[in-house]
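Asks:
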Amino acid sequence: MRMSGLVGASALAFILSSGAFAQEASLDLVEPIAEYKIYVSEKLAKLVEDTTAFTDAVKAGEVDKAKELFAPTRLSYEAIEPIAELFSDLDASIDSRADDYEKAEADPEFPGFHRIEYGLWEKNSTEGLAPVADKLLADVKELEGRIASLTFPPEKVVGGAAVLMEEVAATKISGEEDRYSHTDLWDFRGNFDGARKIVDLVRPLIADKEADFLKTVDANFETVDTTLAKYKDGDGYVTYDKLTDDDRKVLAAAVNTLAEDLSTLRGKLGLD
Amino acid sequence: MQSSKDLTRPRRGLDRRRLLSGLGATALGGSLAGVARADTAHHTVADAPIANVASQLDSVPYLGRHQAGVVDARPANGMVASFDVLARDADELEALFRTLTERIAFLTVGGPVPALDPKLPPADSGLLGPVIRPDNLTITVSLGSSLFDDRPWLASLRPKHLQRMMRFPNDALDADICHGDLSVQICANTQDTTIHALRDIIKASSRQMILKWKQEGNVPVITPGPDGRAESARNFLGFRDGSANPDSSDVAEMDRVVWVGPEDGEPAWAVGGSYQAVRIIRNFVERWDRTPFGEQERIMGRTKMTGAPLDRREGSEFDVPDYVSDPEGKATPMDAHIRLANARDEASKAHIILRRPFNYSNGVTQSGQLDQGLLFICYQANLERGFITVQRKLNGEPLEEYIKPVGGGFFYTLPGIRDASDYVGSSLIAAARGA
Ligand code: HEM
Ligand SMILES: [Cu+2]
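Protein chains in written order, with numbering that gives the first Met the number 0: chain A, 0 to 271; chain B, 0 to 434.
If you want it as structure tokens, here you go:
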């Protein structure tokens, strides 16, 4: 029994990785990937611009202004996280959390956005944050440079839609990402926009064959949109603690289903 | 090709076959006296426990040159508990070691629990009833670097490579489940026995050490295939784990890979011990289950169903990949877990470790995901050349997207308890008094 399972499964893997279908798909993907690269570089340009303003405020000791700029600045990073994560050293220094360090917030190694977030909200101060701000800006610029010269691997681009949902499902839905500022709903917006962008770029390639699949995915994005819309506040969102338990469950289910469905996107496009 | 063959155990499959043909006798033949099972020599660390064979009468001798629970086959349940030690001088440390030895001697051999005056709390938790059976129990005692560093009278005796576990790039260490002065690894056929042993040890040593953290795990019990052959157990990523482990029944190999010898340049008291690396590694199982099958295999470097190498899909887990014929990683990607962990070239031979992991399943995270993973335990004669080097090679591996090391520690497994008059750690105490 186990043997027949093996033969079936590895035969499938073989067809996906070396069949003619895969080649055909990768040709089709050239354009969506080129477009995605443009999308990412626009986000990165915005990220550098916003981070400059944000870190300037931190260094000038303008706590309130820095607080105001924190969430909108992160938006562009969160939208392109799967690509940023290809450089795990930079992702760690830009976006890691206190839990990644043994001494948590007190750990001198704790860097990046969340280190500054901690200072701004928990200490209501920018004291000691200037070097952290300098490093953050340098890292963001470095990221822009590295991504500019990166050839985007198709499976990472297409897989990125699912990765964004996986991250929300695993470590964001709990509100642990922006635990000091509670600006998590902004991050969600970025993550969902980034995932949806990828789906939209490859949509023409599967529109005929996968109409039902796209319908389900769109419906779940829709659910997310209507839920998030309830919490809109000006250009952004209210704090995460305002999210009702019921809405959190609705979001969690939509995210899990999107992660489940989008995990098949690569296979549908012939990328294993 | 030739060199890669040397690193493995071509005969392991045969050994397992032999083991199974002798099972009938084993199941009946145990005794409370703690006699070693006849098959122990042929059952290796990597093998999964065999279904319907484990008996409460199974026992592993606790006396010997080395402690039990290192090169012995893994039973179905394992646990690591880490403690902070109070001992301020050699006398107090000796007292702790003697307490531990006394409990090890009783629990791993078994016998009736003493009955006390019913007006007093009972001597035993009673989890296992009035008569304790060994149930394959091993209790392995190891020391953390903090035990040495925090005590000037011990500091000069710290094993050369023993250090506080460092943070590797993918780690998110939780201080509450890291490090410790003393670790106790407890393994047995059933979870009741490991829990009973832990409670017994805590009760007996409560004045001498304080529990810091513990992690339990288990190894899936396997029913042998129709050909009578047992396979390596699967971990929570669904892959066979242990296939390429060195042969723990090969005494010379274990002397080279696992046990510290006089030639290792360690303090003399440490000869016969080993370095224990413990890592609590969370697996993102939901995400893994949504990862394409082909990618899962490329990340690990073996086929998922049988464990065969990717360049010999029709083979078995006992086959080894031929990297010399695959220099560009077309069959086994260059960054596959097994290829990074062991490049199977001449230089890699120095970095072989004995892995003895257990799967754990704890509960649910804040985000509503399963908190499951691997209680990774490995033993080696040189911590730097073993775990630390291998982990450095693994840093940045594609598997990292699906795993997160959150706890653990480095410990030095004390040399064996030589005979009934000896106690665990006696050589260290003698050295501390002499120093
Ligand atoms: C959750 C984490 C891990 C998982 C799921 C995992 C899984 C596996 C699997 C499926 C294999 C192939 C079968 C085998 O030979 O056992 C393997 C091999 C191996 N792993 Fe891991 N492993 C993990 C962590 C580690 C760590 C932390 C180390 C050491 C630093 C390590 C070192 C090795 C070595 C040395 C091999 C054998 C490679 C060979 O000789 O071909 N693994 N692992
Ligand atoms: Cu993030």
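No residue lacks a Cβ here, since even glycine has one placed at the ideal position from N, Cα and C.
Anyone know if the C-beta pair for B/G179 and B/S81 falls short of 8 Å?
Replies: Position 180 of the second sequence holds residue 179 of chain B. Position 82 of the second sequence holds residue 81 of chain B. Yes, they are a contact pair.
Asks: Only counting the same chain, and skipping five residues up and downstream in sequence, which positions put a Cβ closer than 6 Å to that of B/T107?
Replies: Translated into the one-based positions of the second sequence, residue 107 of chain B becomes position 108. For B/T107, where only same-chain residues beyond five positions count, the Cβ hits under 6 Å are Y61, P133 and L136.
Asks: For ligand 1, I want to know if B/R64 counts as a neighbour, meaning its beta carbon is within less than 7 Å of at least one of the ligand's heavy atoms.
Replies: For the purposes of this step, residue 64 of chain B is identified with residue 65 of the second sequence, where counting begins at 1. Not so, every heavy atom of ligand 1 lies at least 7 Å from the Cβ.
Asks: What's the C-alpha gap between B/A187 and A/L264?
Replies: Taking the second sequence and counting its residues from 1, one reaches residue 187 of chain B at position 188. Taking the first sequence and counting its residues from 1, one reaches residue 264 of chain A at position 265. The straight-line gap from Cα to Cα measures roughly 45 Å.
Asks: In the DSSP assignment, find the unbroken alpha helix (DSSP H) run with B/E294 in it and report its ends.
Replies: Looking up residue 294 of chain B in the second sequence gives position 295. Per DSSP, B/E294 belongs to the alpha helix (DSSP H) from F292 to M299.
Asks: Could you list the residues in the segment 148-182 of chain A with a C-beta less than 7 Å from some C-beta on chain B, going in chain order?
Replies: Of all residues in the segment 148-182 of chain A, those with a C-beta nearer than 7 Å to a C-beta of chain B are A161, E165, A168, A169, T170, I172, S173 and E175, reading in chain order.
Asks: Indicate whether B/S426 and B/W268 have their beta-carbon atoms separated by less than 8 Å.
Replies: The residue you call residue 426 of chain B lines up with position 427 of the second sequence. The residue you call residue 268 of chain B lines up with position 269 of the second sequence. Yes, the pair counts as a contact, with Cβ atoms nearer than the cut-off.
Asks: Over what stretch of residues does the beta strand (DSSP E) that includes B/G372 continue unbroken?
Replies: Counting from one through the second sequence, the residue named residue 372 of chain B turns up at place 373. Here the beta strand (DSSP E) through B/G372 covers L369 to Q379.
Asks: Can you give me, in chain order, the residues of the segment 352-365 of chain B that have a beta carbon less than 7 Å from any beta carbon in chain A?
Replies: Q365
Asks: Return helix, strand or coil for B/A37, following the three-state DSSP convention.
Replies: Locating residue 37 of chain B in the second sequence gives position 38, where the first residue counts as 1. Note that B/A37 scores 37 on pLDDT, short of 50, meaning its location in the model is unreliable; the coordinates nonetheless yield the value given after this. Coil, per DSSP.
Asks: Can the beta-carbon of A/V201 be found less than 8 Å from the beta-carbon of A/T125?
Replies: On the first sequence, residue 201 of chain A is found 202 positions in, with the first residue counted as 1. On the first sequence, residue 125 of chain A is found 126 positions in, with the first residue counted as 1. No. Outside cutoff.
Asks: Consider the C-beta atom of B/R354 and the heavy atoms of ligand 1; say whether any pair is separated by less than 7 Å.
Replies: The count along the second sequence starts at 1 and reaches residue 354 of chain B at position 355. Yes.
Asks: On a Cα-Cα basis, can you pick out the residue from B/D71, B/A431 and B/G63 that is closest to B/D249?
Replies: Indexing the second sequence from 1 puts residue 249 of chain B at position 250. Ranking the options by Cα distance to B/D249, first place goes to B/D71.
Asks: Please tell me whether, using a cut-off of 7 Å, the distance from the CB of B/P336 to the nearest non-hydrogen atom of ligand 1 is below it.
Replies: Within the second sequence, the letter at position 337 stands for residue 336 of chain B. Here the sequence assigns His to residue 336 of chain B, which means Pro is not the residue at that position. Indeed, a heavy atom of ligand 1 lies less than 7 Å from the Cβ.
Asks: Rounded to whole angstroms, what is the Cα-Cα separation between B/N76 and B/R198?
Replies: Along the second sequence, read from residue 1 onward, the residue named residue 76 of chain B stands at position 77. Along the second sequence, read from residue 1 onward, the residue named residue 198 of chain B stands at position 199. Spanning the two alpha carbons is a distance of roughly 16 Å.
Asks: Can you tell me which of the three DSSP states B/R255 falls into?
Replies: The residue you call residue 255 of chain B lines up with position 256 of the second sequence. Helix, per DSSP.
Asks: Suppose you measure from the CA of B/G367 to the CA of B/N282; what does that come to, to the nearest Å?
Replies: As a first step, residue 367 of chain B must be located in the second sequence, where it is residue number 368. As a first step, residue 282 of chain B must be located in the second sequence, where it is residue number 283. Each residue's alpha carbon lies about 14 Å from the other.
Asks: Mind checking B/Q365: buried by the 16 CB within 10 Å criterion, or exposed?
Replies: Position 366 of the second sequence, counting from 1, holds the residue named residue 365 of chain B. Result: exposed.
Asks: Is there a C-beta anywhere in chain A that falls below 8 Å from the one on B/P404?
Replies: Your numbering for residue 404 of chain B matches position 405 in the second sequence. Answer no: the Cβ-Cβ gap between B/P404 and chain A never drops below 8 Å.
Asks: Give a yes or no on whether the C-beta atoms belonging to B/G63 and B/I138 are separated by under 8 Å.
Replies: Taking the first residue of the second sequence as position 1, residue 63 of chain B is located at position 64. Taking the first residue of the second sequence as position 1, residue 138 of chain B is located at position 139. Cβ distance not < 8 Å, so B/G63 and B/I138 don't count as in contact.
Asks: Keeping to the same chain, check which residues put their C-beta closer than 7 Å to that of A/S262; ignore five residues upstream and five downstream.
Replies: Numbered from its first residue, the first sequence carries residue 262 of chain A at position 263. The answer, listed in chain order, is A161.
Asks: Straight-line CA distance for B/D90 to B/G260?
Replies: Here the question's residue 90 of chain B lines up with position 91 in the second sequence. Here the question's residue 260 of chain B lines up with position 261 in the second sequence. Straight-line Cα distance between these residues: approximately 27 Å.
Asks: Looking at chain B, which residues of the segment 77-105 of chain A have a Cβ within less than 9 Å of any of its Cβ atoms?
Replies: E84, S87, D88, A91, S95, R96, D98, D99, Y100, E101, K102 and A103
Asks: With DSSP as the reference, please indicate the residues paired to B/D46 in a beta bridge.
Replies: Position 47 of the second sequence holds residue 46 of chain B. For B/D46, which the question treats as bridged, DSSP gives the partners B/S231.
Asks: Whose CA, out of B/L56, B/P291, B/L339 and B/V270, lies closest to the CA of B/G300?
Replies: Taking the first residue of the second sequence as 1, we reach residue 300 of chain B at position 301. B/G300 has its Cα closest to that of B/L339, out of B/L56, B/P291, B/L339 and B/V270.
Asks: In angstroms with no decimal places, state the Cα-to-Cα distance between B/R278 and A/D232.
Replies: Stepping through the second sequence from its first residue, residue 278 of chain B is reached at position 279. Stepping through the first sequence from its first residue, residue 232 of chain A is reached at position 233. The alpha-carbon atoms of B/R278 and A/D232 are separated by roughly 44 Å.
Asks: By the 8 Å beta-carbon criterion, what residues does the segment 116-149 of chain A contribute toward chain B?
Replies: When C-beta distances to chain B are compared with 8 Å, every residue of the segment 116-149 of chain A stays at or above that value.
Asks: Taking 7 Å as the cut-off, is the C-beta of A/G189 nearer than that to any heavy atom in ligand 1?
Replies: On the first sequence, position 190 is the one that residue 189 of chain A refers to. Look at A/G189: its beta carbon is at least 7 Å from all of the heavy atoms in ligand 1.
Asks: Can you name the residues of chain A whose CB is closer than 8 Å to the CB of B/A174?
Replies: In the second sequence, residue 174 of chain B corresponds to position 175, counting from 1. The answer, in chain order, is E101, K102 and A103.
Asks: Could you work out which residue in B/F147, B/F167, B/P151 and B/H350 is closest to B/P158 when comparing CA atoms only?
Replies: For this step, residue 158 of chain B is matched to residue 159 along the second sequence. Nearest option by C-alpha distance: B/F147.
Asks: From the DSSP secondary-structure annotation, give me the bridge partner or partners of A/Y236.
Replies: Here residue 236 of chain A corresponds to residue number 237 of the first sequence, with the count starting at 1. Answer is A/K231.
Asks: What does the alpha-carbon distance come out to for the pair B/A430 and B/R233?
Replies: Translated into the one-based positions of the second sequence, residue 430 of chain B becomes position 431. Translated into the one-based positions of the second sequence, residue 233 of chain B becomes position 234. One Cα belongs to B/A430, the other to B/R233, and the distance between them is close to 43 Å.
Asks: Report yes if the C-beta of B/G306 is less than 7 Å from at least one heavy atom of ligand 1; otherwise report no.
Replies: As a working note, residue 306 of chain B is residue 307 in the second sequence. True, at least one ligand heavy atom lies under 7 Å from that Cβ.
Asks: For a test of the three-state rule: what should DSSP assign to B/A80, helix, strand or coil?
Replies: Mapped onto the second sequence, residue 80 of chain B falls at position 81. B/A80 falls in the strand class under three-state DSSP.
Asks: Okay, do the segment 134-142 of chain A and the segment 60-71 of chain A touch, 3+ Cβ pairs below 8 Å being the bar?
Replies: no
Asks: Is B/P356 closer than 8 Å to B/L373 when the C-beta atoms are compared?
Replies: Walking along the second sequence from the start, residue 373 of chain B turns up at place 374. Walking along the second sequence from the start, residue 356 of chain B turns up at place 357. For B/L373 and B/P356, yes; Cβs fall inside 8 Å.
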